[in-house]
Amino acid sequence: MPGEQRRQNCEAVLRGLFERAVLAREFRSGLAILAPRVRAIARGKCSTDVIRRIGYAMQFNGTAIKYGRDVDTDAIIAARYLNSSDMDELAAHCMEDLDPTFTQRVKPGDIIIAGENFGCGSSREHAPSCIKAAGISCVIAKSFARIFYRNAINVGLPIIECPEAADGIEEDDAVFADTGTGIIEDLTTGESWNVRPFEPFIQEIIEAGGLVARTKARR
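Residue numbers (this note's numbering): 83 to 301.
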């Protein structure tokens, strides 16, 4: 597509989506949320038709912290801390038994990369909650335990299944992920992958900060 035509398409899509956002009163900041789709179009990573179907997107940029397969919920947050509901306290002990250095090196926005069956074990909701509280913006894994997957969505932790990205991204790589367009990029190596974007209702839950927050906002 010629550059000028792409620019015009971007402007048209942005106007249309922004008008939808304003009318629906569903989004806190129309431009901040809708801009990622236009960026994806301009880069040729996503068609305007796909963008229109998505609704809105969330982007994440962070440094990769990589783990292997079968990281269970007890490794994420040990049972001895489950008597606390203080998220700051739980975050201080996130990954403690698996990776004692985690809390010292994690930075807000960092992204966990993992192998198969991430979040296996008990169904404790503390696990995705403390990952989120520790500052992790997104988890990309080859696969997730089903209960952990549901719990993560419920607490508003973005999670993406992509075996190829989980294999390709290395520790400390700079990573970009967009849950609306399904684009994952390793900014260190230049590799990129495409996955199925989140369904709109899942995107809404995560954007709201979790299922409870979304329910309250819709009352």
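From the three backbone atoms N, C-alpha and C, an ideal C-beta is built for every residue, glycine too.
If we count the other Cβ atoms within 10 Å of its Cβ and call it buried at 16 or more, is residue i buried or exposed?
i           : result
residue 285 : buried
residue 283 : exposed
residue 260 : buried
residue 189 : exposed
residue 182 : exposed
residue 238 : buried
residue 172 : buried
For residue i, which residues does DSSP report across the bridge?
i           : result
residue 148 : 195
residue 142 : 259
Is residue j closer than 8 Å to residue i when the C-beta atoms are compared?
i           : j           : result
residue 197 : residue 219 : no
residue 288 : residue 240 : yes
residue 212 : residue 244 : no
residue 146 : residue 193 : yes
residue 215 : residue 154 : no
residue 201 : residue 226 : yes
With a threshold of 6 Å on Cβ separation, who are the neighbours of residue i within its own chain once the five nearest residues in sequence on each side are excluded?
i           : result
residue 205 : 229
residue 267 : 258 and 274
residue 207 : 233
Going by beta carbon distance, what residues of the same chain come within less than 7 Å of residue i, once the five residues before and after it are set aside?
i           : result
residue 137 : Its pLDDT being 38, under 50, residue 137 is placed unreliably in this model, and the coordinates cannot settle the point.
For the region 207 to 280, list the alpha helix (DSSP H) runs that are entirely contained and at least 4 residues long, ordered along the chain.
Correct list: 208 to 215, 228 to 237 and 245 to 250.
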